[in-house]
Structures are given as structure tokens and as C-alpha cells.
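In what follows, a structure is listed as C-alpha cells, so that the remarks can point back to it.
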Amino acid sequence: MQGEGPAICLGSDIDTDQIIAGRYLRTKDRSVWAAHLLEDLDPTIVGRARGAVIVAGRNMGCGSSREQAVVALREAGVVGVVAPSFARIFFRNAINVGLPVIEAPVSSCTDGARVVFDLDAGWVKVDGERYPARPLSAKMVAILRAGGLVPYWRSRL
Amino acid sequence: MSTLSERILGAPAGTYVDREVDLAFAHDGTGVLAREALRDMGVENLPHPERLRLIFDHIIPANTGMTAALQTELRGYARSSGIALTDAGGGICHQVMSEGPVRPGMVVVGADSHSCTLGAFGAFATGVGATDMAAIWASGATWFRVPETIAVRLRGDLAGAAEPKDIALTYVSKLGMEGATYRALEFVGDGAAGISMDGRLTLCNMAVETGAKTGMFYADAATVGYLAEHGASVSPWIPEDCRYEREVDIDLSGIVPLVAVPHRVDTIREVEAVAGTQIDQVFVGTCTNGRYEDLARFAEIVRGKKVAVRTLVIPASRAVLARAIATGVLAEIVDAGCMVAPPGCGPCLGAHMGVLGEGEVCLSTANRNFKNRMGVGGEIYLSSAATAAASALAGEIAVPEVA
Ligand code: SF4
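Sequence order for the protein chains is G and C. If you're matching positions, the first sequence starts at 71 in the numbering used here and goes up one per residue. If you're matching positions, the second sequence starts at 770 in the numbering used here and goes up one per residue.
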């Protein structure tokens, strides 16, 4: 599982309320969530998200279990999320919707830096600097490869 | 020699297990998405609908036509699938579950991050997202990584005006917002026995604010007694010697009333240090502190007086509301000038009914004070119900009197 794109740098402890605010949750329209991605933090992010890799600080995705957060990221076109640590529900949710999450000790980030990751080989590069990525369990890899838990499930029926 | 998580999940920390789920619940928010995912999975029949619950709490009663339509659809699905539904007004999912079927040693999964609350019964209780919940509906099972455990060792007894919420804020600040990510917390030590079930639910509720997968108490005499009142007979669990990853020690007798200040739950101050901070709204409720003991303590302080600021009180469940009516606590709250709204999450997640305006400050008994959570530009301080009561009377953050 590989991916690449320009970096969008975020700080630590980005909670799911910031990723998608509670006031946008009452719809099933995924494009609404994508359109308001990280809006209260920085309204310019949504315009830069397609094809980009989010490089966040520690504890990415803390807070509520709302899956709309990872769906918003994926629907907005984000190709992967890199962080030194993730909140566990966010991490699980990301895999369940087929959004690659790369836990790696990335220590610096500049917006637009070139990010390349290879989850099979277990590394991520930010502006040429290479960091080891924490390996995923076999089950997580299988779900991610299938494109998420729904297609994974369908493929096993 | 195992931790509670290892005993319940039946494997050592660090291993991945597939495990049958004894109870699983979702609310009006996550339930809608789980239903969608289930449909996308192509699953028709649920193997164990009797283990599942749907509880409407997040936006009740519906605030818009869109919300109403989503709830109507989910209500219909509950009926056709055989999933038991607690409709709007029954209470917050975690509270409703705490009044019913949870037993020590169960594996309980909720599609809500505060599902760790139910670890208060000595169950392995944790939160997942909606698609994970759909897979649990479809199969009755899910996977877990058995967590390492951090012991929170409680010593002595609370004194003065301190409450279980102040213990929760203490351990959250000691561990930090990611201090226990992927870990379980076990609340142990001689101080644990003296904490009521309501207090234990408050402590376990906030485990996720440290990143923890769950927070747990051993089922002891208090648990057995509480469940007996709810018609269940269970045995206590005896702790084994086990290896904790680390221990955090808390002397309960030294705890004073605390607040978490905007916008981090792990940034706490003594109430005394921020006394006099102007507030625009007080909110007493949520799955953290909307229980009967909270309402009773709040009423004890405001009894016969008038609040000086907009104050919203939301019982965590219909059972809590009924008890507060029966004991006269609710009348005292209303007489003091507070608004009372139907059991549910209320403005906790900033969706309706008490949303903050730009620059407004709220003192809340909830568990999260993230920036903009209760409304864009609003600021949230978190405290116990006692601190909320004293502050409501003063119109500014104020230190509660000793009970
Ligand atoms: S009361 Fe608040 S924290 Fe608790 S379940 Fe409801 S929205 Fe979540």
C-alpha cells in the first residue's frame, strides 16, 4: 500500500470536532462533511486536500468516535494521514473506510513538502527524510487492501 | 496473573483477538451510519439482535426535518431487525446501559467514544466507529488488541467539597490527553471501595480523554449491591497480582475542587485560582455528571436560592429524572431558576439546545472542552456539579461549600 502527495501539516491533539464539527453531522451526505473538513481550524485546507497527505502531530483524531471525521478526509481526497500517534478509534475508523494511516515518528513538516509512504515496506518519507512506520496487524492490512471494512466484508460473503 | 482486560479477553496484552461481543449499542448519530454500512455490506439477518441496543440521545427531540427523517428511518430499522430501541427521552446511551444489562466480565462495545463508562462494572467496555458497529451487528464479534494496563491507585477518601469529577480531572491531567492511548486504566487501591457507582461511572467515563481504550473497576461489594437493586445477582471479582505498565498514585484526601480550562481537558486549575471568571451559561448533565448524585448535590447547594446566570440541567436518563422528581430534587432545581430539558446529550456536542455564541463562556459538567465544541467561539470550563452549582449562584466561577 503506497501513496504520495504534498503535505498539509497539522498540530498535535487535533480532535474530531475540529475535523468535522458537530453541527454538520446530521446528514448522510458525505460531500457535506468533505466540504467542511477542518473548517474551524483553517478554512483553506479543504481546497488543498485533494491528493494531499495530512502530516499531524501526536494524538491525531482524539475525541468522539464520529466516523464522519475519517469519511470527510477520504471524501475530500486526502490520500493518507501520517502522525507519531493516533487516537485509537480514529485509527480503527480510518482503516475501516480504507484511508491509510501511518504511525511514524515524523518530527517536522512544512506545508507542501513531498510525502511518500509505503505501508508494506514500513516507511514514510517527508521531504526526503525517512521514518519507520509502525506495522499494522494482518487483519488491518487485509481490510485496508480491500478498500475498507464494507468491501472486505462483501468479499468474504 | 492477569489484568482485568487480559482476564476478560482471555489473552495477554499486545495480542490480537477476535471476540464475541456480549452487548453492543449505538445512538441516533452512529446508528444511522452503522445501518448504512450494514446495507452496503449486503447483510440482511442479524445473528444476535438480542445483544444489540439502539438509544436515541444525541439530538433529541429532533431539531430539524432532516434529523427527524434520519431518526424515523432508524426507528423503522430497529423494529424490523429486532434491535431493542430506547427512543428519545430515555436517556444518554451510557447511562441507559448502566441501568440495565451490563455485568462484570462482559465484553461491551458502543458506537460512541465514552463507552468506556461501563467499565465501572468490571466489564471490558470500549468505543468503536459506526462501520465497526455494523460488522458487530452482522457477526456478533469484533477484533481487539488486548491493551497494556495503567493502574490508577486511589488512596484514602475524598474530603471537603471535592467530588469524583475532581478525581477524574486529576488523573486526566496526570496522564495527559494521550498518556494512555491504546491502554486500559484500572482504578485500584483502598480508595476505590469508597466510591459510589455514580462516581465510578464518572471516573471510567473520562478514561477516553487520556486516549485509553477503557477504564475499569473490579466488581466489589458496591457493584454487587447496585446490580442487586437492578435485579441481577453477581459475584465480586478478586484482583490478581498482575503486571501493570505503570502506576499513577492519587491521594484522594488531598483533592480540592478543580476545573479544566479552555481548550484542553488535561489543563486543570484549582477552582479557587480561577474564581471570579465570568460565565454566561452553566450546564449540568451529560454522561459524565448528569446522574442522580450530581443533581442531588447541585440541588443541595442551590436550594432556596436563585441562579444568577442561564443554567441548564439535563438528567442523564428518565430513571434519573423520575428519581429527582420523586425526591423533590427537581423541584428545588426548577425553583432556583434553572431550565430543565429532556434526558439526552443536550448541548454537549454543540448541535442544539444550549449552543454557545461567539465569546460566550460555559461552565459544564461534561467531559470535553475542545475549542468550538459547544458552538463556534465559545469557551468551556469543566467541573463537578457542586462547582457548577456554586458558580450558577454567583454568576462567575466559584468555590463550592463543603457538603
Ligand atoms: S453526553 Fe456528551 S460526551 Fe456523553 S455521549 Fe452525549 S455527546 Fe457524548
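Just so you know, even glycine gets a beta-carbon here, dropped at the ideal spot from N, CA and C.
Could you work out which residues of chain C lie near residue i, taking near to mean beta carbons separated by less than 7 Å?
{"i": "S135 of chain G", "result": "T799, A880, D881, S882, G896, V897, G898"}
{"i": "S101 of chain G", "result": "In chain order: nothing, as chain C lies at least about 15 Å away."}
Are the C-beta atoms of residue i and some chain G residue less than 9 Å apart?
{"i": "A1120 of chain C", "result": "yes"}
{"i": "L843 of chain C", "result": "no"}
{"i": "F893 of chain C", "result": "no"}
{"i": "F1139 of chain C", "result": "yes"}
{"i": "E805 of chain C", "result": "yes"}
{"i": "Y785 of chain C", "result": "yes"}
List the residues of chain G whose Cβ lies closer than 9 Å to the Cβ of residue i, in chain order.
{"i": "A907 of chain C", "result": "W223"}
{"i": "T833 of chain C", "result": "R96"}
Does any residue of chain C bring its CB to less than 9 Å from the CB of residue i?
{"i": "I115 of chain G", "result": "no"}
{"i": "I159 of chain G", "result": "yes"}
{"i": "S177 of chain G", "result": "no"}
{"i": "A146 of chain G", "result": "no"}
{"i": "G192 of chain G", "result": "no"}
{"i": "V171 of chain G", "result": "no"}
{"i": "D110 of chain G", "result": "yes"}
{"i": "R215 of chain G", "result": "no"}
{"i": "C132 of chain G", "result": "yes"}
{"i": "Q138 of chain G", "result": "yes"}
{"i": "A91 of chain G", "result": "yes"}
Can you list the residues of chain G that residue i reaches, using a CB-CB cut of under 7 Å?
{"i": "W1006 of chain C", "result": "By Cβ distance, chain G contributes nothing, its closest Cβ being about 25 Å from W1006 of chain C, past 7 Å."}
{"i": "A904 of chain C", "result": "L219, W223"}
{"i": "I828 of chain C", "result": "R96"}
{"i": "Y951 of chain C", "result": "R158"}
Relative to the C-alpha of residue i, which residue among the options is closest?
{"i": "F156 of chain G", "options": "C:K982, C:S849, C:A880, C:L954", "result": "C:K982"}
{"i": "G879 of chain C", "options": "C:G945, C:T772, C:C1131, C:T799", "result": "C:T799"}
{"i": "R200 of chain G", "options": "G:A164, G:S101, G:I172, G:S225", "result": "G:I172"}
{"i": "T950 of chain C", "options": "C:E978, C:G859, C:I1149, C:G1106", "result": "C:E978"}
{"i": "N1141 of chain C", "options": "C:S867, C:G1126, C:G1106", "result": "C:G1126"}
{"i": "E795 of chain C", "options": "G:R224, G:A142, G:S135", "result": "One point to set straight first is that residue 795 of chain C is Ala, not Glu, in the sequence displayed. The shortest C-alpha separation from A795 of chain C is found at G:S135."}
{"i": "L1151 of chain C", "options": "C:G1054, C:A837, C:V1109, C:G984", "result": "C:G1054"}
{"i": "V185 of chain G", "options": "G:G217, G:V123, G:L108, G:Q138", "result": "G:V123"}
{"i": "R969 of chain C", "options": "C:I1037, C:C1056, C:P818", "result": "C:C1056"}
{"i": "A899 of chain C", "options": "C:D797, C:L1064, C:V1043", "result": "C:D797"}
{"i": "A1110 of chain C", "options": "C:A803, C:G860, C:S850", "result": "C:G860"}
Let me confirm a value: residue i is counted as buried when at least 16 other C-beta atoms fall within 10 Å, else exposed. Which label applies?
{"i": "P1116 of chain C", "result": "buried"}
{"i": "D1010 of chain C", "result": "exposed"}
{"i": "Q1047 of chain C", "result": "exposed"}
{"i": "G1073 of chain C", "result": "exposed"}
{"i": "A976 of chain C", "result": "buried"}
{"i": "D99 of chain G", "result": "exposed"}
{"i": "R120 of chain G", "result": "exposed"}
From what residue to what residue does the alpha helix (DSSP H) around residue i run?
{"i": "P221 of chain G", "result": "219-226"}
{"i": "H863 of chain C", "result": "862-867"}
{"i": "D809 of chain C", "result": "797-810"}
{"i": "W1006 of chain C", "result": "Careful: W1006 of chain C lies outside any alpha helix (DSSP H) and carries neither H nor E."}
{"i": "S101 of chain G", "result": "100-105"}
{"i": "K943 of chain C", "result": "933-944"}
{"i": "L970 of chain C", "result": "966-974"}
Could you check where the beta strand (DSSP E) with residue i kicks off and where it finishes?
{"i": "D787 of chain C", "result": "785-789"}
{"i": "E1148 of chain C", "result": "1148-1151"}
{"i": "A910 of chain C", "result": "910-914"}
{"i": "F893 of chain C", "result": "893-896"}
{"i": "A153 of chain G", "result": "150-153"}
{"i": "S1133 of chain C", "result": "1130-1133"}
{"i": "I1083 of chain C", "result": "Note, I1083 of chain C: premise wrong, no beta strand (DSSP E); not H, not E."}
What does residue i reach in chain G if we use C-beta pairs closer than 8 Å?
{"i": "V1130 of chain C", "result": "Going along chain G, no residue has its Cβ under 8 Å from V1130 of chain C, so there is no contact; the nearest lies around 18 Å."}
Using a Cβ cut-off of 8 Å, pull out every chain C residue sitting near residue i, in sequence order please.
{"i": "Q88 of chain G", "result": "F1139, K1140, N1141"}
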